[in-house]
Structure formats: C-alpha cells, structure tokens
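Visitor: Here the sequence shown stands for residues -19 to -1, 1 to 151, numbered as in mature numbering (1 follows the signal peptide of the UniProt record, and there is no 0).
Got a structure for you, questions after.
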Amino acid sequence: MSKCLWLVVALLFLGCARNYDSPPAELGYLKGSREGNTSLYEVSFSSTVDFLNIFEQNKRPISSMLRCSLEGGEVSIDHEADQYSASGLVPVTQAVRHGDAWVYRSALSFYESLNGGRSMRALKGDELRRVLQGKQFVPCVYTATAYGFKSYRSGVLQIPTADILYGLNE
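Dropping the structure here:
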C-alpha cells in the first residue's frame, strides 16, 4: 500500500512541473581549445536562445550543462547510457550577445562510465584518440533545470572531432 501512495505522490509532483516558453535552441560551434595543461577542452558556441531566461525572466537555471556523446549518435538524457561521454558546466551569466545570438563557453571533461554509471574515470589522451577515431563530429546538447519547471534541452551542437584531437596535440 505504501508503494502505491509514493507513486501517487510522485505523479502529483511531476504533474506540477510547468512548461517553459523557450523553443529548443539552435547551437553553433565557434571554436575549441585545450585549457592550459589540463585535460579540459574549452568550447565556445552560439545559441539562438538566452539561457539565463529560458524558464522565466531572471529565473536562473539551477543546473546548466553541455553534455556530449563520444559514441556518436544521439546524446542520451540517461547519464548511464553512454560508456564514453563528455560534459561541462555552462555559466549562463557570462554570456555575450552578438547580434541575434548569444555566445557561451563550457570546459568539457571526457570520461568513461563504469559500474552502470555509478562511477566515472577520466579519459587520457591516447584513450580519447582511440574513442574518437573515425568520427567526424561529437554531438552535444545543452540541458538545464529550474525548480518547478520541466527540464530544458536544446538542439544538437556538432563539435568537429578534428578540433578536439588538435587540442590534444597542443
């Protein structure tokens, strides 16, 4: 009986999440480079949507990330789905406006999912080269959440694999 009660309560809370008015953003790759002597790869990209105000005017997201699949194909919303992936925070308050587009940055880290997604291991340069071998692009999406709203998911950003590999060699 208590399991049914929890299910009803969960459904009530899920039904309370509001939609947002922002359409899925169109993202465009601008540039990428290795960040110093670290394994981070900084990506600059444009967006047709102001991520600071996707939920409501001045209602900042509580999580704001760029998530990428190193296996090609679609970027899953399930963290455990891809064995090899990349992700990085997107500081929405540091966006720069250029005409009709907003420019954002994210420092991506590359990792392997282990134990069904319960742990992660950072990929080293040679491992990342092996994973990206033969791929033209790495697909990424911007995701965000805010209290009381359904999760936001942008359109797909295609990062050229050649740029990532070039950054590894710097």
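Each residue gets a CB set at the ideal place from its N, CA and C atoms; glycine is no exception.
On a predicted model such as this, the values are computed, not experimentally measured, just so you know.
Name the DSSP bridge partner or partners of Ala88?
Guide: Ala88 pairs with Glu23.
Visitor: Residues bridged to Ser28 by DSSP?
Guide: In DSSP, Ser28 forms a bridge with Leu8 and Trp83.
Visitor: Decide if Leu(-9) is buried, meaning its Cβ has at least 16 other Cβ atoms within 10 Å, or exposed.
Guide: Interpretation of Leu(-9) is limited by its pLDDT of 39, a score under 50 that renders its predicted location unreliable; the figure taken from the coordinates is listed afterwards. When all chains shown are included, Leu(-9) counts as exposed.
Visitor: Compare the C-alpha of Leu33 against each of Met46, Leu21 and Arg102 and name the closest.
Guide: Minimum Cα distance to Leu33 is reached at Met46.
Visitor: Taking the continuous alpha helix (DSSP H) assigned at Ile145, which residues delimit it?
Guide: Unbroken alpha helix (DSSP H) run through Ile145: Thr142 to Asn150.
Visitor: Measure the CB-CB distance between Phe26 and Ala127 and report whether it falls below 8 Å.
Guide: Contact flag unset, no.
Visitor: Indicate, with yes or no, if the ligand MN has a heavy atom lying under 7 Å from the CB of Ser28.
Guide: What this structure holds is no ligand at all, so the ligand MN is not there to describe.
Visitor: Are Leu21 and Leu138 close, meaning C-beta to C-beta below 8 Å?
Guide: Not in contact: Leu21 and Leu138 (Cβ atoms no closer than 8 Å).
Visitor: Along the chain, where does the alpha helix (DSSP H) containing Arg110 start, and where does it finish?
Guide: Here the alpha helix (DSSP H) through Arg110 covers Gly106 to Leu113.
Visitor: Kindly indicate which three-state DSSP category Val137 falls into: helix, strand or coil?
Guide: In this structure, Val137 counts as strand in the three-state DSSP scheme.
Visitor: Can you give the Cα-Cα distance for Ala88 and Arg15, rounded to whole angstroms?
Guide: Ala88 and Arg15: Cα-Cα distance of roughly 9 Å.
Visitor: Pull up the distance between the alpha-carbon of Glu93 and that of Tyr133, whole angstroms please.
Guide: Taking the straight line from one Cα to the other gives about 25 Å.
Visitor: Determine the contact status of Met101 and Leu95, defining contact as a CB-CB distance below 8 Å.
Guide: Going by C-beta atoms, Met101 is nearer than 8 Å to Leu95.
Visitor: Got a sec? Which residues, its chain only, sit under 7 Å from Gly136 by beta carbon, not counting five neighbours each side?
Guide: Hits under 7 Å: Pro5, Ala6, Glu7 and Leu8.
Visitor: When burial is assigned at 16 or more other CB atoms within 10 Å of the CB, is Val(-11) buried or exposed?
Guide: At Val(-11), the pLDDT of 43 sits below 50, so the modelled position is not reliable and the matter cannot be decided from this model.
Visitor: With a threshold of 7 Å on Cβ separation, who are the neighbours of Thr124 within its own chain once the five nearest residues in sequence on each side are excluded?
Guide: Closer than 7 Å at Cβ, skipping near neighbours: Met46, Arg48, Ser132, Tyr133 and Arg134.
Visitor: Thinking residue 153 and Ser50 are a contact (beta carbons under 8 Å), I'd like their distance in whole angstroms, please.
Guide: Lying before the first or after the last residue shown, residue 153 is absent from the chain, which here runs from -19 to 151.
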